Each structure stands twice: as structure tokens, then as C-alpha cells.
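Working notes, beginning with the structure itself.
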Amino acid sequence: MTPLLQVKGLTKTYGRHIGCRDVSFDLFPGEVMGIVGESGSGKSTLLNSMAGHLVPDAGQVIFDTRDAGPRDTRAMSEPERRMLSRTDWAFVHQHARDGLRMGVSAGGNVGERLMAVGARNYGAIRASAVDWLDRVEIRADRVDDRPTTFSGGMQQRLQIARNLVTGPRLVFMDEPTGGLDVSVQARLLDLLRGLVRDMGLSAIIVTHDLAVVRLLADRLMVMKDGDVVETGLTDQVLDDPQHGYTQLLVSSVLQV
Amino acid sequence: MTDYNFAYLDEQTKRMIRRAILKGLAIPGYQVPFASREMPMPYGWGTGGVQVSAAVLCPEDTLKVIDQGADDTTNAVSIRRFFERTAQIAVTTATADATVIQTRHRIPEEPLRDGQILVYQVPIPEPLRFLEPRESETRKMHALEEYGLMHVKLYEDISRHGHIATAYAYPVKVADRYVMDPSPIPKFDNPKMEMAAIQLFGAGREQRIYALPPFTRVVSLDFEDHPFVASKADHPCGLCGAQDSYLDEVIVDDAGGRMFVCSDTDYCAGRQVDGHRGRDNKEDAA
Amino acid sequence: MRGGAARRGIWNQKKMDAMIEISDLTKTFTLHNQGGAVIEVMRDAALSVAPGECVGLVGASGAGKSTLMRMIYGNYLAASGRIIVGDVDVATAAPREILDLRRETLGYVSQFLRVVPRVPTLDVVAEPLLALGVPEAEAQARAADLLARLNIPRTLWGLSPTTFSGGEQQRVNIARGFAHDYPALLLDEPTASLDARNRAVVLDLILAAKARGAAIVGIFHDTEARDRVCDRIIDVARFTPGMAA
Numbered sequence: 001m002t003p004l005l006q007v008k009g010l011t012k013t014y015g016r017h018i019g020c021r022d023v024s025f026d027l028f029p030g031e032v033m034g035i036v037g038e039s040g041s042g043k044s045t046l047l048n049s050m051a052g053h054l055v056p057d058a059g060q061v062i063f064d065t066r067d068a069g070p071r072d073t074r075a076m077s078e079p080e081r082r083m084l085s086r087t088d089w090a091f092v093h094q095h096a097r098d099g100l101r102m103g104v105s106a107g108g109n110v111g112e113r114l115m116a117v118g119a120r121n122y123g124a125i126r127a128s129a130v131d132w133l134d135r136v137e138i139r140a141d142r143v144d145d146r147p148t149t150f151s152g153g154m155q156q157r158l159q160i161a162r163n164l165v166t167g168p169r170l171v172f173m174d175e176p177t178g179g180l181d182v183s184v185q186a187r188l189l190d191l192l193r194g195l196v197r198d199m200g201l202s203a204i205i206v207t208h209d210l211a212v213v214r215l216l217a218d219r220l221m222v223m224k225d226g227d228v229v230e231t232g233l234t235d236q237v238l239d240d241p242q243h244g245y246t247q248l249l250v251s252s253v254l255q256v
Numbered sequence: 001m002t003d004y005n006f007a008y009l010d011e012q013t014k015r016m017i018r019r020a021i022l023k024g025l026a027i028p029g030y031q032v033p034f035a036s037r038e039m040p041m042p043y044g045w046g047t048g049g050v051q052v053s054a055a056v057l058c059p060e061d062t063l064k065v066i067d068q069g070a071d072d073t074t075n076a077v078s079i080r081r082f083f084e085r086t087a088q089i090a091v092t093t094a095t096a097d098a099t100v101i102q103t104r105h106r107i108p109e110e111p112l113r114d115g116q117i118l119v120y121q122v123p124i125p126e127p128l129r130f131l132e133p134r135e136s137e138t139r140k141m142h143a144l145e146e147y148g149l150m151h152v153k154l155y156e157d158i159s160r161h162g163h164i165a166t167a168y169a170y171p172v173k174v175a176d177r178y179v180m181d182p183s184p185i186p187k188f189d190n191p192k193m194e195m196a197a198i199q200l201f202g203a204g205r206e207q208r209i210y211a212l213p214p215f216t217r218v219v220s221l222d223f224e225d226h227p228f229v230a231s232k233a234d235h236p237c238g239l240c241g242a243q244d245s246y247l248d249e250v251i252v253d254d255a256g257g258r259m260f261v262c263s264d265t266d267y268c269a270g271r272q273v274d275g276h277r278g279r280d281n282k283e284d285a286a
Numbered sequence: 001m002r003g004g005a006a007r008r009g010i011w012n013q014k015k016m017d018a019m020i021e022i023s024d025l026t027k028t029f030t031l032h033n034q035g036g037a038v039i040e041v042m043r044d045a046a047l048s049v050a051p052g053e054c055v056g057l058v059g060a061s062g063a064g065k066s067t068l069m070r071m072i073y074g075n076y077l078a079a080s081g082r083i084i085v086g087d088v089d090v091a092t093a094a095p096r097e098i099l100d101l102r103r104e105t106l107g108y109v110s111q112f113l114r115v116v117p118r119v120p121t122l123d124v125v126a127e128p129l130l131a132l133g134v135p136e137a138e139a140q141a142r143a144a145d146l147l148a149r150l151n152i153p154r155t156l157w158g159l160s161p162t163t164f165s166g167g168e169q170q171r172v173n174i175a176r177g178f179a180h181d182y183p184a185l186l187l188d189e190p191t192a193s194l195d196a197r198n199r200a201v202v203l204d205l206i207l208a209a210k211a212r213g214a215a216i217v218g219i220f221h222d223t224e225a226r227d228r229v230c231d232r233i234i235d236v237a238r239f240t241p242g243m244a245a
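Residue numbers (the working numbering), protein chains in the order written: chain P, 1 to 256; chain V, 1 to 286; chain E, 1 to 245.
Structure representation (C-alpha cells):
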């Protein structure tokens with residue numbers, strides 16, 4: 001089976017400071033990969049480099065496109081990359097404000113990607129938006145409200161709806177539950193699990209929260225100071241950590 | 001008082017503006033940056049239009065200046081006098097006699113012809129500005145033809161008002177490529193933009209020029225199920241009886257009495273000379 | 001769907017000698033943050049389980065029973081050796097293969113119920129079926145059936161099991177583990193904290209699984225339960241050098 005995403009030797013430095021170094025892995029359809037590490041580990045740099053928000057210094061990010069098979073996204077032209085990030089890719093930001101248009105209604109936010117790929121029927125766009133709001137458990141009567149009137153959890157769910165409306169195959173998530181109340185986190189995690197399963201999504205999730213990866217990710221990469229120190233099945237890495245740093249990380253988690 | 005260079009601007013500046021105009025005509029709807037000069041009127045008073053007019057005027061030209069369709073408002077009068085003084089060109093209020101027409105927020109009712117130039121005064125040239133404040137991002141959107149956001153604006157209108165409520169500065173797609181702000185003309189005027197004359201757009205404060213060559217295809221954006229309608233007030237002109245011209249609503253007394261009259265003063269006057277009379281016209285038909 | 005039923009049929013038709021085949025299995029723990037201490041917990045383990053067979057693991061507490069089970073599941077890494085489940089060597093397989101194996105072929109009922117908070121019990125139990133593409137209604141019906149058999153009151157089905165008693169959680173765990181007819185099953189203390197009635201239900205589930213050809217490895221402290229369902233007993237002391245697991 002062709003991997004959905006092949007990352008090869010991805011390196012990003014900031015001058016002399018290492019962002020991420022020589023990261024390689026394959027991601028298959030339907031898999032969720034978690035990337036954990038503490039602040040400064042390079043996990044956000046890695047995520048942003050893969051998603052095209054940062055230009056890496058070396059390496060390839062090969063995505064299995066619908067029309068042309070596996071292609072190195074780094075070698076794509078900017079219009080192609082931007083089109084990809086509006087259709088087959090999605091990016092859920094840690095702060096919903098970075099991923100939403102706060103001055104546009106919820107329906108407009110969800111419909112934007114549809115309109116960006118040519119949808120021109122208002123009724124159909126609105127119906128899609130309402131359908132998606134329902135899937136992320138936002139009441140249909142909020143479709144014309146602006147996200148500024150939403151709670152943090154609702155904003156995050158709206159961001160997810162906005163991203164998933166074009167049926168992407170790969171979702172990048174940067175601390176998707178960060179900053180949310182614990183009870184809201186739980187609901188969001190369950191929603192994400194359900195969507196990943198129902199839509200056959202692959203996802204790459206960056207987080208510092210080990211509990212989140214245990215529940216959401218099939219596979220796990222542990223990063224420290226820009227390097228991937230350990231990788232494997234999530235439950236295996238957390239229950240039988242091989243690397244010293246992973247062992248330290250796991251043993252440091254507070255138990256409730 | 002020292003003499004002015006013809007039409008106020010120095011020749012080097014005119015050359016720079018003409019280059020921008022040529023580029024604009026070569027790429028219809030594309031906003032060309034230009035080095036907007038300090039003019040003897042403040043920003044917001046038509047400096048962009050004045051600079052474009054100054055760059056295209058020749059001594060043989062006849063200039064007409066209108067403001068919301070009228071030749072006799074303060075702004076139209078003062079800009080016309082400005083060019084009379086600095087260029088000594090002929091001026092007129094008759095649309096058909098003018099070779100260069102500078103306008104604020106209206107297109108004349110009378111169809112323009114080959115050989116005429118219409119110069120628009122533009123406040124905000126960027127149609128996406130209110131949805132996407134970043135210039136870096138809007139430039140990319142234009143470059144990559146990513147106009148989904150424009151439809152988001154129309155979507156918002158419909159969701160809020162039940163119909164596309166944008167009544168002026170209605171966005172258009174020109175030559176099937178660039179989305180453009182036609183300046184704050186009423187949407188009623190949008191269909192007129194497919195015309196035989198050259199159209200030039202100048203934004204002085206924002207420092208952009210754009211242009212449409214004659215017969216450029218201009219399509220007003222809409223949805224399949226909410227098509228564009230060039231609407232106007234559902235009245236005839238009170239003075240000349242015209243059914244097909246854009247109207248101004250005039251309050252005539254303290255009791256709320258009102259009259260609808262043609263916004264285009266030259267068009268209305270011309271119809272009255274031809275003998276047309278509207279319901280509110282108190283003059284004799286003779 | 002994903003061919004689970006087809007593969008199960010293949011295992012039965014082949015009348016294989018073993019559904020689970022372990023050989024030369026070794027496990028060490030290296031504690032980097034304790035001076036790099038290396039602890040060997042298993043050496044040259046071997047085990048073979050045929051379809052329809054239930055093997056019970058016995059041994060002193062901490063002797064390595066759970067460790068072996070976790071290694072079969074891929075939850076613990078092997079230092080060397082082979083762990084063949086079906087046609088996959090868990091010790092060396094790619095993560096993707098192990099994920100597929102866990103979804104379709106190999107089930108595991110551990111001692112702990114780990115769930116996403118606030119998910120209703122019915123959905124927790126239905127999830128393995130949903131992951132296989134079973135339609136929601138059918139998955140929930142099967143989940144309901146199991147929960148009823150395990151005497152979880154209907155009123156609790158809409159609640160998250162995180163607030164249940166230990167015995168109730170164990171039964172939810174078991175229901176989830178038996179929702180899909182896995183050809184291979186790992187059961188870690190399935191009858192602990194259960195009363196006689198529920199213990200009987202669980203043993204019936206195990207026997208039914210055996211009858212349809214599942215290969216089962218189980219840890220039972222309860223000798224009566226062990227005697228009822230296990231065909232063979234293996235003492236892990238044979239291959240665990242007596243250190244903590």
C-alpha cells in the first residue's frame with residue numbers, strides 16, 4: 001500500500017539553532033500519528049514544515065495526491081500547494097482565532113472552502129454548512145452567528161468543521177485541545193476520534209499532553225531538542241519506553 | 001502666481017502614471033501601484049482621479065467632471081476649475097461632447113463611445129480589503145485567482161439580509177480573470193461597464209491605478225440561486241419622466257415630501273430640452 | 001468491510017497447528033534513569049496456541065504473565081524472538097500491520113478500562129465494531145446484547161463507565177473485548193472482581209469463543225474458572241528468570 005505521506009530527512013534550522021533534524025517516517029491512510037515533546041523539542045517546527053507553513057532546509061514531504069500520485073510538496077509551485085491545503089489537507093490551529101475568520105458567520109466560515117473550490121449555489125453551501133455544524137455538535141441556529149460569540153470549545157469545533165468540509169485526507173493538528181477546559185477537551189477528543197474513523201482520515205497531532213495521544217494517536221514520535229528519540233505504537237511507547245528521555249517523560253506525568 | 005505645467009503635474013510624473021495606465025490596460029482589473037503625488041486637495045477628494053486625468057489630458061481635449069452624476073456640485077465644479085486653470089482645456093457638461101470624463105461614483109446614462117475616456121475616483125481599490133486586511137494576503141489571492149473569499153462576502157449578505165445587499169461598489173470579475181472593485185458606483189451601473197470607451201480607475205491615497213480596455217467582459221459576482229440584479233428605485237424621474245435612469249431621492253419640504261430625479265443632471269436636462277416632462281416638473285411644456 | 005470474516009474463515013479452514021506461535025522470546029527492561037540498569041525478565045519463552053484452544057498462564061505474582069501477554073499484543077517490545085499471530089510476527093512487524101492485526105484478529109482484555117471520558121458505555125463497547133466498518137445500528141445492537149448478558153443495567157448504558165464500580169468497569173471491558181469475534185484473544189484476569197453469576201457469564205463467553213475456533217491465552221487467578229475453560233496450563237516460571245516483570 002502506498003503511504004499517504006512520506007517524510008524523508010526533514011530538517012529545519014533557525015540559524016545555528018536546530019528546529020528539527022533529519023526526521024523521516026511514513027504515514028498510511030487511516031493512521032493517526034502523535035508527536036510529543038516538551039517546549040523547544042521541535043514538534044511545532046516539524047508540523048509547520050510538513051504543512052508548508054515553514055520552508056524546511058532539507059528533506060522531502062511526499063504526499064500521495066489524487067491526480068498525480070506521490071509528489072514532493074516541497075517541489076510544488078505555491079498555487080499547487082495552496083490548492084492542496086484547501087482541499088486534501090487541513091490544519092487545525094491551537095488557537096481557533098488563527099484558523100477562523102472571526103468577522104464572518106459560522107456558516108460563512110464553513111462554506112469558505114467550498115466557495116474557494118467553485119461552489120456557487122447559496123442554498124447548497126448553506127445546507128452543507130448546517131450539516132457540518134451538526135456533525136461537530138454546534139446547533140444549526142448558530143449558523144449565522146460570528147465565532148466571537150462562541151465559547152472556546154465551540155470555536156475549536158467550528159475550526160474543525162471548516163477544515164473538514166472539503167473531505168481532506170490528511171489533517172495536521174497543533175495542540176487541538178490546548179487551552180480548553182478539561183470537560184471540553186474530552187468532548188473534542190471523542191469528536192475527533194469519531195471523525196477520523198468515519199472519514200478515514202489520517203492525522204498528525206502535535207501535543208505535549210500524553211493523555212491526549214494515548215486516546216487519539218495510533219503511533220507516536222517522541223522529540224527532544226530537534227531529534228526524534230523514539231517512535232512506535234502509542235501504547236508501546238508509553239507503556240514500554242525504550243529511550244531514556246521517553247522513560248523520564250512517561251514517569252513525570254501526574255496521575256489523577 | 002507662477003505658471004503651472006500643463007495639467008499641474010510635471011512631465012516625469014505623467015510619464016510614470018502613463019506607464020501605470022498602460023500596464024493596467026494590458027492587465028484588465030489588475031491594481032498597479034503608482035507613486036501618488038501630493039495634490040492641492042486632500043486625500044478623499046479625488047486625488048487619484050485627478051492624477052489620472054492630468055496624465056491623459058491633451059490640449060485638444062474637452063473635459064467633463066461629475067460628482068454623483070451632477071456637474072454642479074462643489075467637488076465637480078472645483079475639479080473642473082482646477083483643470084481649466086492648469087490646462088486651459090475646453091470644458092463641458094454635455095456627455096456626448098466630452099473626450100475625458102472624470103466621475104465620482106457614477107457612470108453617465110448616455111452610452112459612451114470609442115474615443116472617450118472615463119476616469120473613476122476610487123477610495124478603496126481592494127475588493128477583499130474588509131474581509132482580509134493583510135495586503136500580503138490579498139495580493140496572493142489576486143495572483144493565484146483565489147476568490148472564494150469574495151463569495152463569502154456575498155454569502156454573508158444573503159444570510160444577514162436575505163439577498164445580496166451590496167448596493168454599490170459591487171464586485172465584478174473582469175476579462176474572466178481579476179476581481180475588481182468598480183468604485184462606489186451603484187450596482188445599477190455595473191452592466192454599463194461593458195462599453196466602447198476606455199475606463200481608468202485612480203486611487204490616490206491607496207496609490208493604485210487599474211483599467212479596462214474597451215469591450216472588456218465585466219461580470220458581476222453572484223450565486224446561481226441569487227443572481228445579480230441591476231436594481232434602482234421603482235419610480236420614473238420626477239423632472240423628465242425617464243424610466244431607465246438611476247435616481248436621486250430629494251426631500252422637498254419639511255413634511256417628508258420627496259421627489260425622485262435623475263442623478264445624471266446632463267441626461268435629465270437633455271431629455272427636458274427634447275420635451276420630456278415628469279410628474280413633478282412645474283415648468284410649461286413649451 | 002475489511003475482510004475479517006474472510007480471514008477468520010481461512011484460519012479455520014487451514015486447521016493450522018497454531019494461531020499463536022511464540023519461540024525464543026526474550027525481554028529486558030533498560031532503566032536509563034536509574035543508572036542504566038538492565039533487567040532481564042524473560043528468556044527463550046515458547047508457546048503455541050491452536051484455534052479453539054485456551055491456554056492458561058500461571059505463575060507467582062509479578063512473574064511475567066502480564067508481560068508475556070502484553071508482548072503478544074505488541075504493547076511491550078521483544079528483545080529477540082518471534083511472536084507469530086496468524087501470519088504476522090508481532091515482534092518485527094510494522095506498526096501498521098500490528099494496528100490491522102489488533103483491529104481484526106487479535107483482541108485483548110486487560111485489567112484496566114481506558115476510555116475517552118464522557119463517552120457512553122454503549123459507544124465504548126460498540127467501538128471495535130465501528131472501527132471495522134460495521135454500521136452503527138448493528139454495532140450498538142451487539143453492544144447492547146453483550147451488556148445485557150453481563151448484567152449491566154440499561155440505565156447505565158448512556159453513562160460513561162469512568163464512574164462505575166470496579167466490577168462494572170471490568171464487565172464493560174469484557175463486553176468491549178468480545179464485541180468482535182476475534183480469532184485470537186488475550187484475557188488478563190477476566191473474572192477478577194466479579195460475582196459468581198457474572199463469572200459464569202464470562203466463562204460462557206469464553207467457551208463460545210473457543211467453540212467458534214478462537215485461540216485464547218488467559219490469566220486466571222481463580223482456579224475453578226481456569227479449570228473450566230483452559231485446555232492447558234503453562235507456568236511462566238519456565239522462561240522468566242525470577243526477577244520482577
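Every residue gets a Cβ at the ideal spot worked out from N, C-alpha and C, and that includes glycine. Model, not experiment: these values are computed from the prediction.
- P:V165 carries a coil assignment under DSSP once its states are collapsed to helix, strand and coil.
- The CB of P:A186 comes closer than 7 Å to the CB of V116, P117, R118 in chain E, given here in chain order.
- Less than 8 Å divides the Cβ of E:H221 from the Cβ of E:A192.
- Under the Cβ criterion of 8 Å, P:P79 is counted among the residues facing chain V.
- Relative to the Cα of P:G123, the nearest Cα in the group V:A242, V:A76, V:E156 belongs to V:E156.
- The DSSP assignment places complete alpha helix (DSSP H) segments of no fewer than 4 residues inside the region 45 to 129 of chain V at 47 to 56, 74 to 87, in order along the chain.
- Between the alpha carbons of E:L194 and E:A148 lies a distance of about 15 Å.
- Taking one beta carbon from each stretch, the region 6 to 23 of chain V and the region 84 to 97 of chain V have 3 or more pairs nearer than 8 Å; the two touch.
- In this structure, the alpha-carbon of P:A116 lies about 27 Å from that of V:A26.
- Segment contact: the region 72 to 89 of chain E against the region 102 to 118 of chain E, three or more CB-CB distances shorter than 8 Å; contact assigned.
- The alpha carbon of V:I185 has as its nearest neighbour, out of V:R81, V:P213, V:E146, V:A230, the alpha carbon of V:A230.
- What E:G74 touches in chain P, judged by beta-carbon distance under 7 Å, is L233, Q236, going in chain order.
- When secondary structure is reduced to three states using DSSP, P:K43 falls in the helix class.
- Relative to the Cα of V:L118, the nearest Cα in the group V:R129, V:T99, V:I17, V:F130 belongs to V:T99.
- Beta-bridge analysis with DSSP links P:T231 to P:M221.
- Of all residues in the region 83 to 97 of chain E, those with a C-beta nearer than 7 Å to a C-beta of chain P are P95, R96, reading in chain order.
- Within chain E, L130, A131 have C-beta atoms less than 7 Å from the C-beta of P:R197, given in sequence order.
- Of the candidates E:R154, E:P153, E:V41, E:I20, the residue whose Cα lies closest to the Cα of E:V88 is E:I20.
- For E:E97, the three-state secondary structure derived from DSSP is helix.
- Along the region 228 to 255 of chain V, there is no position whose C-beta sits under 9 Å from a C-beta of chain P.
- Using a Cβ-Cβ distance cut-off of 8 Å, the region 56 to 68 of chain P and the region 224 to 233 of chain P are not in contact, since fewer than three pairs of beta carbons, one from each stretch, lie closer than that value.
- Boundaries of the beta strand (DSSP E) harbouring P:F91: 89 to 92, taken from the DSSP string.
- Note on V:I251: under 16 other CB atoms within 10 angstroms of its CB, so exposed under the neighbour-count rule.
- For P:M115, a Cβ of chain V is located within less than 8 Å of the residue's own Cβ.
- Residue pairing by DSSP places V:I17 in no beta bridge whatsoever.
- Contact annotation: P:V136 and P:A161 have beta-carbon atoms nearer than 8 Å.
- When CB distances to chain P are screened at a threshold of 8 Å, not a single residue of the region 39 to 59 of chain V falls below it.
- With contacts defined as CB atoms closer than 8 Å, E:D188 and E:S110 qualify as a contacting pair.
- Partner residues in the beta bridge of V:P186, as assigned by DSSP, are V:Y168.
- Between P:H53 and P:Q159 the beta-carbon gap is near 16 Å, outside 8 Å, which marks them as no contact.
- By the 16-neighbour rule on beta-carbons within 10 angstroms, V:D72 is exposed.
- Counting along the chain, P:A116 sits inside the alpha helix (DSSP H) bounded by residues 106 to 116.
- Residue-level contact by beta carbon fails for E:L106 and chain P, as no gap is shorter than 8 Å.
- For V:H226, the nearest CB of chain P lies under 8 Å from its own CB, placing it at the interface with that chain.
- By the Cβ criterion, the region 108 to 117 of chain V is not in contact with the region 42 to 49 of chain V, since fewer than three pairs of Cβ atoms, one from each stretch, lie closer than 8 Å.
- In the structure shown, V:K140 falls within a helical segment according to DSSP collapsed to helix, strand and coil.
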